[in-house]
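Participant: Handing you this structure, nothing more for now.
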Amino acid sequence: MRRYNIVHQLTVSRTDIASCGNGLGLVRSFRVLAILTTVAFDIWSLSVNCVSCVDHRRLSADVSSTYTPNGLTWTHSGSGVPNMMQRISIVSTMFLHAWLCTQSLYAQATVDHEGAALVASAVSSIDDYHRGAETIDSVIRVVYFHPSDREPLAEWRDRLSRIIADVSDFYRTGLRRFGINDRGFQFENSTNGYVFHLVRGLLPASEYQYDSGTTIERELRVALHGKINFEREHVLVIHGLCHREKDGRYVFNAPYYGSGSQRRGICHAADCELLDPLLLTARDRKIVYTEHYYRRQEQTVALFNTWYLGGIAHELGHGLGLPHDAGGPWERDQHLTALMGSGNQHYREERWGGNRPAFLSLGSTLRLLSHPLVTNSSRGRFADADMTLEGMKFSSEGQSLKLVGKIESEIPAYAVIAYLWRPPKWPGNPQNDHRSVSYPASVLENRFELLVDQFQSGDHRLRLSTLQCNGAATNFDFHLHVDEDSEPNIVQLNSDWLVAQAESAVLSGAANAGSLVSAEAIAKATTDDAKGKLQVLSELLTPPTPIELASTDAKTVHLSDASWVTATVGWRDVARNHFDREKRHRNSIYLELKGKFYAKGLYAHSKSAYVFDLQSRWKKFTATIGLRDGASQQGSAIFVVRGDGNILYQSPVLREGQSADICIDVADVKKLELVADGAEGHIHNSWAIWAVPRLLR
3 MRRYNIVHQL
13 TVSRTDIASC
23 GNGLGLVRSF
33 RVLAILTTVA
43 FDIWSLSVNC
53 VSCVDHRRLS
63 ADVSSTYTPN
73 GLTWTHSGSG
83 VPNMMQRISI
93 VSTMFLHAWL
103 CTQSLYAQAT
113 VDHEGAALVA
123 SAVSSIDDYH
133 RGAETIDSVI
143 RVVYFHPSDR
153 EPLAEWRDRL
163 SRIIADVSDF
173 YRTGLRRFGI
183 NDRGFQFENS
193 TNGYVFHLVR
203 GLLPASEYQY
213 DSGTTIEREL
223 RVALHGKINF
233 EREHVLVIHG
243 LCHREKDGRY
253 VFNAPYYGSG
263 SQRRGICHAA
273 DCELLDPLLL
283 TARDRKIVYT
293 EHYYRRQEQT
303 VALFNTWYLG
313 GIAHELGHGL
323 GLPHDAGGPW
333 ERDQHLTALM
343 GSGNQHYREE
353 RWGGNRPAFL
363 SLGSTLRLLS
373 HPLVTNSSRG
383 RFADADMTLE
393 GMKFSSEGQS
403 LKLVGKIESE
413 IPAYAVIAYL
423 WRPPKWPGNP
433 QNDHRSVSYP
443 ASVLENRFEL
453 LVDQFQSGDH
463 RLRLSTLQCN
473 GAATNFDFHL
483 HVDEDSEPNI
493 VQLNSDWLVA
503 QAESAVLSGA
513 ANAGSLVSAE
523 AIAKATTDDA
533 KGKLQVLSEL
543 LTPPTPIELA
553 STDAKTVHLS
563 DASWVTATVG
573 WRDVARNHFD
583 REKRHRNSIY
593 LELKGKFYAK
603 GLYAHSKSAY
613 VFDLQSRWKK
623 FTATIGLRDG
633 ASQQGSAIFV
643 VRGDGNILYQ
653 SPVLREGQSA
663 DICIDVADVK
673 KLELVADGAE
683 GHIHNSWAIW
693 AVPRLLR
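Heads up: the sequence shown begins at 3 in this note's numbering, then just goes up one per residue.
See below:
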């Protein structure tokens, strides 16, 4: 009996593959197809010439691929002698597999020489910082949560093992795109495979919803006390909060979000019995489901897995501290989709024929390089960033925006990233940044220089993030206005930077804070908003004596400058002319409504009440009311003005982006009370503002 036994290898260059993927290199696309066809013909010819009198059941054929620095090396091997149908099957399988492999390689291996050089510089700085530090065994902990009245979903453990392996491989492959072959983060495992912490909730399924993340985290802290330290570890929570209705529709009630830093992180995602990397090619099956964002969604099981597996990978990124990032200009031109942009809806889609597969952007890669899960070092992990930017300046270079600066810090900075995006409306929620374009640059000898371009006319948000070798990142936010001629407002940016410097100095208690908010510094500010913000900061350092409403002869008084009888707020501390100063809970300390800065106002997060003694000496009360810019859509507030216990005014329900101007007769009122409360039975994100609250005679 004669048999065939062949090994055929094919290497396709990364350049050829990239051209096939973006549809621009038609000649190279045909070249790849021609090579694949040639290989198929070779196998066909060899199999035809073999003796056919064999036991066809012994036929075997394997197709495999290996990613190499030069591209894709594809290997086909077989034994036995195939009949006609088996020859057709071999060739078809080989051709399809090889083509899908080229697309998969394109998704993660598109050449970025500048990016690779930037990563190499970052790795050098990070390695220098951690050299000699104790090696730690840092892992991501995985929790499977299910309600009290339901068991975990079918085959959850096996499916979750495949999901974790696939997501881990995605990140590892993303790092390898820039030559990081010996790094990656690990999930908790044992000799029996991945370790999952199973937790039964205290409540039935009907009591858990999309916004139950905080409630569930409290339960997890109690249930896993002594097993997981939520203050010092990174945790992925998969929720078995999915059920199937009688009509076949799946319903999800799981939290789906994440947040974290180098210190700690937690992210939530949903499970489903049809969630499995093995089903990423199930284009012939359908699923219908309902969840927080979709009342009814019908799609293939393949696309469903792309979305929901991508969602796990995306939220895990947030849990590790990654912000939204749609990639750099060059990356966006490659017909790919950054995972931390909208890539959660394109994850592994090359497996079922999608044409914009997800990838790990250069910006996300740079941030992960210093993460303790990658460095396996805790050196400086829990230290404060404690860094300052010196000599930063914005300037124009053609139609590009140039940023230069110097970073001073005990913990070295290795890179900076500028993120630029346009909110759907201005000012918009700063968290609505999925389309932010990233512009990274190296920090060399504590200095950096980068260019930002490709902006349109209108208002943009610009965020500058400095990355430090201990995994920390510090953000500075700016308002970038671009005119009809695509010219950025440099004067405004430099003015905003002066304010940002002063704010950082005042809030951190820096020795030079006083000089940055002195009368001379305020006078030199180039915009009215900058002058007003510097004045607010100056009064934080040296609070003026409150005005006594019962004795002053002034014709007009701002209540934020007046003495009150009592004052309470629903979050943190009462404040005059600014917001709560706890950095992790704010976008800025300034009072802003619909993009307008107010130098005078009362911080009034619900439930709040300010009481003033008027002594019947005033005639009118005026104010602008609303929720601060950046408040979540979850937030709402109702404002009430009472005079001597009687309701003089009650607002409609106000949400982020809404405001109202009020003017109320307060003649003969002895006691004035300003109240703000949540409108829907809770005070979450009810960031109320009484802007320019004035009394007039």
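The beta carbon of each residue, even a glycine, is placed where N, CA and C say it ideally should be. A quick note: this is a predicted structure, and the numbers were derived from the prediction, not measured.
Do Gly330 and Tyr421 have their beta-carbon atoms positioned less than 8 Å apart in this structure?
Facilitator: In the sequence shown, counting from the first residue as 1, residue 421 sits at position 419. In the sequence shown, counting from the first residue as 1, residue 330 sits at position 328. Contact flag unset, no.
Participant: So who's on the other strand from Arg234, going by DSSP bridges?
Facilitator: Counted from its first residue, the sequence shown places residue 234 at position 232. According to DSSP, Arg234 bridges with nothing at all.
Participant: Skipping 5 residues on each side, what residues in its chain have a beta carbon closer than 6 Å to that of Tyr605?
Facilitator: Numbered from its first residue, the sequence shown carries residue 605 at position 603. Closer than 6 Å at the Cβ level, and outside the excluded window around Tyr605, lie Ala577, Phe581.
Participant: Near Glu233, what residues of its chain come up, given a Cβ to Cβ distance below 6 Å and the 5 sequence neighbours on each side ignored?
Facilitator: Taking the sequence shown and counting its residues from 1, the one referred to as residue 233 is at position 231. Same-chain partners within the cutoff: Arg266.
Participant: Taking DSSP as the reference, what is the three-state secondary structure of Pro425?
Facilitator: As a first step, residue 425 is located in the sequence shown; it is residue number 423 there, counting from the start. Coil at Pro425, not helix or strand.
Participant: Determine the burial state of Gln470: buried for a count of at least 16 other Cβ atoms within 10 Å of its Cβ, exposed for fewer.
Facilitator: As a working note, residue 470 is residue 468 in the sequence shown. Per the 10 Å Cβ criterion, buried.
Participant: Suppose you measure from the CA of Val642 to the CA of Leu277; what does that come to, to the nearest Å?
Facilitator: The count along the sequence shown starts at 1 and reaches residue 642 at position 640. The count along the sequence shown starts at 1 and reaches residue 277 at position 275. Their Cα atoms are separated by approximately 49 Å.
Participant: Ends of the beta strand (DSSP E) at Ile664?
Facilitator: Here residue 664 is taken as the residue at index 662 of the sequence shown, counted from 1. Per DSSP, Ile664 belongs to the beta strand (DSSP E) from 661-667.
Participant: From Leu453, His294, Tyr173, pick the residue whose C-alpha is nearest to that of Leu375; which is it?
Facilitator: What you label residue 375 is simply residue 373 of the sequence shown in a count that begins at 1. Comparing Cα-Cα distances from Leu375 to each of Leu453, His294, Tyr173, the minimum goes to Tyr173.
Participant: How far does the beta strand (DSSP E) with Ala271 in it extend, from its first residue to its last?
Facilitator: Translated into the one-based positions of the sequence shown, residue 271 becomes position 269. Ala271 -> beta strand (DSSP E) spans 267-272.
Participant: Measuring only the C-alpha atoms, how far is Arg463 from Gly250?
Facilitator: Indexing the sequence shown from 1 puts residue 463 at position 461. Indexing the sequence shown from 1 puts residue 250 at position 248. The alpha-carbon atoms of Arg463 and Gly250 are separated by roughly 44 Å.
Participant: Assign Trp499 to one of three DSSP states: helix, strand, or coil.
Facilitator: By one-based count along the sequence shown, residue 499 stands at place 497. Residue state, collapsed to three classes: helix.
Participant: Going by DSSP in three states, Gly645 sits in which element: helix, strand or coil?
Facilitator: The residue you call residue 645 lines up with position 643 of the sequence shown. It is a strand residue.
Participant: Would you report the Cα separation of Ala340 and Ser170, rounded to the nearest angstrom?
Facilitator: Position 338 of the sequence shown, counted from the first residue, corresponds to residue 340. Position 168 of the sequence shown, counted from the first residue, corresponds to residue 170. Cα-Cα distance, rounded: 16 Å.
Participant: Leaving out the 5 sequence neighbours to the left and right, which residues in its chain are closer than 6 Å to Ser372 when beta-carbon positions are compared?
Facilitator: If you number the sequence shown from 1, residue 372 lands on position 370. Here the set comprises Ile128, Cys471, Gly473.
Participant: Look up His199 in the DSSP assignment and say whether it is helix, strand or coil.
Facilitator: By 1-based counting over the sequence shown, the position of residue 199 is 197. In this structure, His199 counts as strand in the three-state DSSP scheme.
Participant: At 4 residues or longer, and completely inside the segment 303-336: list those alpha helix (DSSP H) runs for me, N to C.
Facilitator: As far as the segment 303-336 is concerned, its whole alpha helix (DSSP H) runs of at least 4 residues are 303-321, 331-334.
Participant: Can you tell me whether Cys244 is buried or exposed, with buried defined as 16 or more other CB within 10 angstroms of its CB?
Facilitator: Working through the sequence shown from its first residue, we reach residue 244 at position 242. Classification of Cys244: buried, given that the 10 Å Cβ count is 16 or more.
Participant: On the three-state DSSP scale, how would you describe Pro490?
Facilitator: Against the sequence shown, residue 490 aligns to sequence position 488. In the structure shown, Pro490 sits in a strand (DSSP, three-state: E or B).
Participant: Given a threshold of 16 other Cβ atoms within 10 Å of its Cβ, counted over all protein chains shown, does Phe384 qualify as buried or as exposed?
Facilitator: Position 382 of the sequence shown, counting from 1, holds the residue named residue 384. Exposed, by the Cβ-count rule.
Participant: If contacts are defined as beta-carbon pairs under 8 Å, then Leu324 and Ser380 qualify, I think. What distance do you get, rounded to the angstrom?
Facilitator: The count along the sequence shown starts at 1 and reaches residue 324 at position 322. The count along the sequence shown starts at 1 and reaches residue 380 at position 378. Contact flag wrong, Cβ pair sits at about 20 Å.
Participant: To which residues does DSSP link Gln652 through a beta bridge?
Facilitator: Here residue 652 refers to the residue found at position 650 of the sequence shown. Note: Gln652 sits in a beta bridge opposite Val642.
Participant: Taking the continuous alpha helix (DSSP H) assigned at Asp362, which residues delimit it?
Facilitator: Numbered from its first residue, the sequence shown carries residue 362 at position 360. The identity of residue 362 in the sequence shown is Leu, whereas the question assumes Asp. Where Leu362 is concerned, there is no enclosing alpha helix (DSSP H), given that its DSSP letter is neither H nor E.
Participant: For Thr283, does the three-state DSSP call read helix, strand or coil?
Facilitator: By 1-based counting over the sequence shown, the position of residue 283 is 281. The answer is coil: DSSP assigns Thr283 none of H, G, I, E or B.
Participant: Take Thr626 as the anchor and find which of Leu656, Arg334, Gln617 has the nearest alpha-carbon.
Facilitator: In the sequence shown, residue 626 corresponds to position 624, counting from 1. Checking every option, the nearest Cα to that of Thr626 belongs to Leu656.
Participant: Let me check understanding here. Comparing Cα to Cα, which of Glu658, Trp332, Leu593, His132 lies closest to Thr1?
Facilitator: Limits of the chain in this structure are 3 at one end and 699 at the other, which puts residue 1 out of reach.
Participant: Which same chain residues, not among the five before or five after Ala507, have their C-beta less than 7 Å away from its C-beta?
Facilitator: Against the sequence shown, residue 507 aligns to sequence position 505. Around Ala507: Asn514, Ala515, Leu518.
Participant: Using 8 Å as the cut-off, can you tell me whether the segment 220-232 makes contact with the segment 251-262, which would need three or more C-beta pairs spanning the two stretches below that distance?
Facilitator: The segment 220-232 vs the segment 251-262: no contact.
Participant: From this set, Arg350, His241, Ala693, Ala271, which residue's C-alpha is nearest Leu282's C-alpha?
Facilitator: Numbered from 1 along the sequence shown, position 280 holds the residue referred to as residue 282. The shortest C-alpha separation from Leu282 is found at Arg350.
Participant: For Asn472, which of helix, strand or coil comes out of DSSP?
Facilitator: As a position in the sequence shown, residue 472 is number 470, starting the count at 1. Looking at Asn472 - three-state DSSP - the assignment turns out to be coil, as it is neither helix nor strand.
Participant: Using three-state DSSP, classify Asp531 as helix, strand or coil.
Facilitator: Along the sequence shown, read from residue 1 onward, the residue named residue 531 stands at position 529. Looking at Asp531 - three-state DSSP - the assignment turns out to be helix.
Participant: With distances taken between CB atoms, is the gap from Asp663 to Pro429 smaller than 8 Å?
Facilitator: Start at 1 with the first residue of the sequence shown, and residue 663 comes out as number 661. Start at 1 with the first residue of the sequence shown, and residue 429 comes out as number 427. The answer is no: Cβ separation not under 8 Å.
Participant: Using 10 angstroms around the beta-carbon of Thr308, count the other beta-carbons present and answer buried if the total reaches 16, otherwise exposed.
Facilitator: On the sequence shown, residue 308 is found 306 positions in, with the first residue counted as 1. Result: buried.
Participant: Quick one: does Ala512 have its CB under 8 Å from some CB of chain D?
Facilitator: Protein chain content of the structure displayed is limited to a single chain, and chain D is not contained in it.
Participant: What do you get for Ser553, buried or exposed, if any count of 16 or more other CB atoms within 10 angstroms of its CB means buried?
Facilitator: Here the question's residue 553 lines up with position 551 in the sequence shown. With fewer than 16 other Cβ atoms within 10 Å, it is exposed.
Participant: Mind checking which residues open and close the beta strand (DSSP E) that includes Ala693?
Facilitator: Your numbering for residue 693 matches position 691 in the sequence shown. Looking at the DSSP string, the run of the beta strand (DSSP E) that includes Ala693 is 690-698.
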